[in-house]
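Trainee: Using my numbering, count along the sequence shown one by one with no gaps and you end on 394.
Cβ atoms here follow ideal geometry from the backbone N, Cα and C, with glycine treated the same way.
In this text, all values refer to a predicted model and were calculated from it rather than measured experimentally.
Submitted below is the structure of interest, expressed as structure tokens.
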Amino acid sequence: MLNRRILRVKAFQNLYAYEQCKGSNLNLAKDFIKESFLPDLNSMEVQDKAALNEEAKLAVKLFEENLGNTQTLNSSEASTKVKKVVLDALKQFKAANEKDKEFLLKNMVVSAERIPQLYLLAIELLQAFAKHVGKEFDKKMRFNGGDPAGFANDLNLANNQVLKHIRESDAYKAAVARNNANLDDLELEISEWFRDYVKPSEEYQAYIGISNPTLEQDFEIADTLLKKIIFKNEVILNYFSEKDLNWTENKSVVRSLASKVLKNSSLLDDEESNQLPEIAMNWDEDKEFFQNIFNFTIESDAESKALISQKTKNWDIERLAFTDKIIISMALAEMKNFPSIPVKVSINEYIDISKTYSTPKSKQFVNGLLDVMSKELTESGEIRKSGRGLLDNK
Numbered sequence: 001m002l003n004r005r006i007l008r009v010k011a012f013q014n015l016y017a018y019e020q021c022k023g024s025n026l027n028l029a030k031d032f033i034k035e036s037f038l039p040d041l042n043s044m045e046v047q048d049k050a051a052l053n054e055e056a057k058l059a060v061k062l063f064e065e066n067l068g069n070t071q072t073l074n075s076s077e078a079s080t081k082v083k084k085v086v087l088d089a090l091k092q093f094k095a096a097n098e099k100d101k102e103f104l105l106k107n108m109v110v111s112a113e114r115i116p117q118l119y120l121l122a123i124e125l126l127q128a129f130a131k132h133v134g135k136e137f138d139k140k141m142r143f144n145g146g147d148p149a150g151f152a153n154d155l156n157l158a159n160n161q162v163l164k165h166i167r168e169s170d171a172y173k174a175a176v177a178r179n180n181a182n183l184d185d186l187e188l189e190i191s192e193w194f195r196d197y198v199k200p201s202e203e204y205q206a207y208i209g210i211s212n213p214t215l216e217q218d219f220e221i222a223d224t225l226l227k228k229i230i231f232k233n234e235v236i237l238n239y240f241s242e243k244d245l246n247w248t249e250n251k252s253v254v255r256s257l258a259s260k261v262l263k264n265s266s267l268l269d270d271e272e273s274n275q276l277p278e279i280a281m282n283w284d285e286d287k288e289f290f291q292n293i294f295n296f297t298i299e300s301d302a303e304s305k306a307l308i309s310q311k312t313k314n315w316d317i318e319r320l321a322f323t324d325k326i327i328i329s330m331a332l333a334e335m336k337n338f339p340s341i342p343v344k345v346s347i348n349e350y351i352d353i354s355k356t357y358s359t360p361k362s363k364q365f366v367n368g369l370l371d372v373m374s375k376e377l378t379e380s381g382e383i384r385k386s387g388r389g390l391l392d393n394k
């Protein structure tokens, strides 16, 4: 299951990207303003460069003061041209931000929905290596007149109990078909990758030196090949990165889910052995959850920054870690807009995100700030919990 922590991380990653886009759009809008007051080289009239420069400075100042406004400007000192240029820049800035927001929101969902295909492809690659071993064994048998002497253990991976259990699972077969997880176009690469990376590895050589490997040994080699070959080798990883524009962000999640499939399947007779990780227990509901986190955080951006500034008076908000501001804003949006999620759950989730994605001191900073803010917002009625959100906070 792609739990909600993973979905929060994906929302965070895309909010981070959105903030970077806003920064770029801001610079582009300012460039537009400055270019609007450059001397007209085609004009026959005398150009007052000093006056134009002053108008450009005034226009940039007005633009910065009216970032939340695209209709009218309150400025008696500005000329008609300055006001028009500023309004045009504000409209361009807003339109560019909206376009980036829509793209990132869509990309966020597509990226999450692609994860099952990616972890299934990783398992299928292990299966392909096992199948390759079987083919190579058959070649040796034909060349050796049908006598397996000296290379019988070469079949260990082909007979791997964990991989066999997975490929015979109806749930796995259905998932592979549903997510179009096939490696039909990689036959040559699979042969080369096995020859160059799997076969020479110490772990694999030790494995084929074992007669009749145990279930645990079968699991260990499959998990080792997954983590130390597939998810460590840049050549193989390039295949996944070509499949997924968000591979850098998804890699650790995909590796974890693929490893979980192997672990579950090593149980064999356990009822969990055929269970595959899904995107979520209820994907429609969870998709709405992390789309809303993304949207609510953006919509309450100004309000969140004001709250953060109020609680960090000894700090210039612009000096706070960029990631911390996003994490705290997300937590505030979640605490205010999801009454069934306990405050302490939200705080813990965003503390964990800060451990991975922010500075070494962020954990304490995020924890302390959110603890104070959540209590005050609860007392003021801005945070209201119901159901589990209320019960689990008692």
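1. For residue 325, does the count of other Cβ atoms within 10 angstroms reach 16, so buried, or fall short, so exposed?
2. With residue 28 as the anchor, note down where its alpha helix (DSSP H) starts and where it stops.
3. Using alpha carbons as the reference points, say which of 81, 129, 87 lies closest to residue 68.
4. When you compare the CB positions of residue 219 and residue 266, do they come within less than 8 Å of one another, or not?
5. Quick check on residue 40: buried or exposed, where buried means 16 or more other Cβ atoms within 10 Å of its Cβ?
6. Taking contact to mean at least 3 C-beta pairs separated by less than 8 Å, is the region 153-170 in contact with the region 198-211?
7. Can you find the residues in the same chain that come closer than 6 Å, C-beta to C-beta, to residue 104, ignoring five residues on each side of it along the sequence?
8. Determine contact between the region 221-236 and the region 168-184, defined as no fewer than three beta-carbon pairs at a distance below 8 Å.
9. Is it buried or exposed for residue 301, if we count other Cβ within 10 angstroms and need 16 for buried?
10. Classify residue 368 as helix, strand or coil using the three-state DSSP reduction.
11. Can you grab the Cα-Cα spacing for the pair residue 256 / residue 297, in whole Å?
12. On the premise that residue 222 lies in contact with residue 162, defined as a C-beta separation below 8 Å, what is that separation, rounded to the nearest angstrom?
13. How about residue 97 and residue 22: do their beta carbons lie closer than 8 Å?
14. If you draw a straight line from the alpha carbon of residue 353 to that of residue 312, how long is it in whole angstroms?
15. Once DSSP output is grouped into helix, strand and coil, what is the label at residue 362?
16. Per the contact definition of three or more C-beta pairs closer than 8 Å, is the region 185-193 in contact with the region 125-141?
Mentor: So, to answer that:
1. The residue you call residue 325 lines up with position 325 of the sequence shown. If you draw a 10 Å sphere on the C-beta of residue 325, you find 16 or more other C-beta atoms in it, and that means buried.
2. For this step, residue 28 is matched to residue 28 along the sequence shown. Residue 28 -> alpha helix (DSSP H) spans 4-36.
3. Taking the sequence shown and counting its residues from 1, one reaches residue 68 at position 68. Closest by alpha carbon: 87.
4. The residue given as residue 219 occupies position 219 in the sequence shown. The residue given as residue 266 occupies position 266 in the sequence shown. A contact, by the Cβ cut-off of 8 Å.
5. The sequence position of residue 40 within the sequence shown is 40, counting from 1. The residue in question, residue 40, is exposed, as its Cβ has fewer than 16 Cβ neighbours within 10 Å.
6. These segments touch.
7. On the sequence shown, position 104 is the one that residue 104 refers to. Excluding positions up to five away in sequence, the list reads 14, 17, 18.
8. For the pair of segments examined, the region 221-236 was found not to touch the region 168-184: the number of CB pairs separated by less than 8 Å stays below three.
9. The residue you call residue 301 lines up with position 301 of the sequence shown. Flag for residue 301 reads buried.
10. On the sequence shown, residue 368 is found 368 positions in, with the first residue counted as 1. Residue 368 falls in the helix class under three-state DSSP.
11. As a working note, residue 256 is residue 256 in the sequence shown. As a working note, residue 297 is residue 297 in the sequence shown. Using only the alpha carbons, I get a separation of about 28 Å.
12. Residue numbering aside, residue 162 sits at position 162 when the sequence shown is read from its first letter. Residue numbering aside, residue 222 sits at position 222 when the sequence shown is read from its first letter. Indeed they touch by this definition, with Cβ atoms about 5 Å apart.
13. Counted from its first residue, the sequence shown places residue 97 at position 97. Counted from its first residue, the sequence shown places residue 22 at position 22. Yes, these two residues count as a Cβ contact at 8 Å.
14. For this step, residue 353 is matched to residue 353 along the sequence shown. For this step, residue 312 is matched to residue 312 along the sequence shown. When rounded, the distance between both Cα atoms is 21 Å.
15. Mapped onto the sequence shown, residue 362 falls at position 362. It is helical.
16. As far as the Cβ criterion goes, the region 125-141 touches the region 185-193, which means the pair count is three or higher.
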